[in-house]
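Data first, discussion second: the structure below is written as C-alpha cells.
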Amino acid sequence: MDFALKTYQSLLKVLLKQGYTFQTFQDYLEKPESRSIILRHDVDKLPKNSLQFAQIQQESGIKGSYYFRIVSQSFNPKIIEQIARLEHEIGFHYEDFDLASQSIRNQDTRHKTQNEKEKYLAEKAIELFEKHLAELRKYYPVKTICMHGSPLSKYDNKLLWKYYNYRDFGIIGEPYFDVDFSNVLYLTDTGRRWNGDKVSVRDKVLKSSHQPSVISRQFKKTNDIILAANKGELPDQIMFTFHPQRWTDKPVPWVKELVLQNAKNVVKYYLIKRRTS
Numbered sequence: 003m004d005f006a007l008k009t010y011q012s013l014l015k016v017l018l019k020q021g022y023t024f025q026t027f028q029d030y031l032e033k034p035e036s037r038s039i040i041l042r043h044d045v046d047k048l049p050k051n052s053l054q055f056a057q058i059q060q061e062s063g064i065k066g067s068y069y070f071r072i073v074s075q076s077f078n079p080k081i082i083e084q085i086a087r088l089e090h091e092i093g094f095h096y097e098d099f100d101l102a103s104q105s106i107r108n109q110d111t112r113h114k115t116q117n118e119k120e121k122y123l124a125e126k127a128i129e130l131f132e133k134h135l136a137e138l139r140k141y142y143p144v145k146t147i148c149m150h151g152s153p154l155s156k157y158d159n160k161l162l163w164k165y166y167n168y169r170d171f172g173i174i175g176e177p178y179f180d181v182d183f184s185n186v187l188y189l190t191d192t193g194r195r196w197n198g199d200k201v202s203v204r205d206k207v208l209k210s211s212h213q214p215s216v217i218s219r220q221f222k223k224t225n226d227i228i229l230a231a232n233k234g235e236l237p238d239q240i241m242f243t244f245h246p247q248r249w250t251d252k253p254v255p256w257v258k259e260l261v262l263q264n265a266k267n268v269v270k271y272y273l274i275k276r277r278t279s
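Whatever position you read off the sequence shown (first residue = 1), add 2 for my numbering.
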C-alpha cells in the first residue's frame, strides 16, 4: 500500500543499501557529500505524523529536515523539541506574504498600483516573517527556510525575497533559491503522487536540459522509486520532499487522505489552468 509508513521504511532501506549519505539541508549547504540525499519534510498539518517519520529515521541513523508552519495546525513546540532531540534539523515553512495579504483591508490598498500594493504587502510580510522566525527560534536555532505553497493564494510566498534578503536574518538557504537542480534530482509527493506536476501550484523547480536523466522518468508510486534505486538508476544527489500528513498505516486516516487529496487535486488543476490561460 503506497503512502504507508511500511512503504516509507522500504524506501529508506533501499536508499541506505545503495550507499547514500543522508544530510540535513543545512549540512548539505555547508558541506555537500558527493552521494547524498536530503530528506525534506513540509509539516503542513498533523505534526505527530512528522514525529513518527523522525523516529523511524533516527532508528536507522538517518537525519532529515522538518519545516514547520507558524499556524496552529502545524506549530507544536513540544513536537518540535522532540524532533530536534532526535538530531534532525528544524526549519521555517514560511507563508508570510499570504498571511499579510489576508490581514490587509481593501481600503488600505484601494488607490495603489499593483507594484505599490505588492511592495506594501512585502513590508507587512517581512514584519510577520521576522516575528514568526523569532518564535520558532525559541525552540531551535533555525538556519534554513522553505516556502509554503499556499495554493489558494494569488501570491507566491517567495515574492518576499524580491524586496528583502533572508540572509539578513541569519538564514543560509532556501531550497528554491539555493539548490542547483541541474545536478540534484527533485522528488516531491505533492498531490499524493510522485509525478504530480499538473496538480502542483508552486512546489516546482526550474527544469534544465542538464538535469539528471532520470528526471524524465514518470515516477507515480513510491515503489517506482524503489525499483529504480534497486537497479542503480538514481543519480548521486536527490532532494525528497515529504508531507508526512499523507503517510499512515491506519486504514481510516489513509482512505480519508486519499479522498481529500484527490478532491484537492481537481481544484488545484483548475487553478493552474485559470492562472496560465
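Yeah, the Cβ is synthetic: ideal placement off N, Cα and C, and Gly gets one too.
- Annotated three-state conformation of Val186 is coil, per DSSP.
- Excluding its 5 nearest sequence neighbours in each direction, Tyr30 has C-beta neighbours in its own chain below 6 Å: Ile40, listed in chain order.
- With a beta-carbon spacing of about 4 Å, Thr23 and Glu35 fall inside the 8 Å limit used to define contacts.
- Look at the beta carbons and you see the region 134-149 touching the region 165-177: at least three pairs across the two are nearer than 8 Å.
- Judged by beta-carbon spacing, His245 lies beyond the 9 Å limit of His90, meaning their Cβ atoms are not closer than that value.
- Cβ contact annotation for Ile72 (same chain, cutoff 6 Å, sequence separation greater than five): His134, in chain order.
- The DSSP-derived three-state label of Ser62 is coil.
- Only residues of its own chain outside the window of five on either side were considered, and among them Tyr122 have a CB closer than 7 Å to the CB of Lys114, listed in chain order.
- Gln25 carries a strand assignment under DSSP once its states are collapsed to helix, strand and coil.
- DSSP, read as helix, strand or coil, puts Ser67 in strand.
- Contact check for Ile82 and Ala56: beta-carbon distance about 10 Å, past the 8 Å limit, so the pair fails to qualify.
- Comparing C-alpha distances from Phe77 to each of Lys50, Ser67 and Gln54 shows the shortest one belongs to Lys50.
- Straight-line spacing of the CA atoms in Val257 and Leu130 works out to 36 Å.
- The three-state secondary structure of Ser38, taken from DSSP, is strand.
- Secondary structure note for Thr224: its alpha helix (DSSP H) is the uninterrupted segment Thr224 to Asn232.
- Contact between Leu162 and Ala136 is absent: CB atoms are separated by about 16 Å, not below the 8 Å threshold.
- Here Gln104 carries a helix assignment [DSSP, helix/strand/coil].
- Distance from the Cα of Ala6 is smallest, within the candidate group Thr243, Leu189, Gln75 and Thr250, for Thr250.
- The three-state secondary structure of His43, taken from DSSP, is strand.
- In the three-state reduction of the DSSP assignment, Glu97 falls in the coil class.
- The three-state reading of DSSP puts Phe179 in helix, counting H, G and I together.
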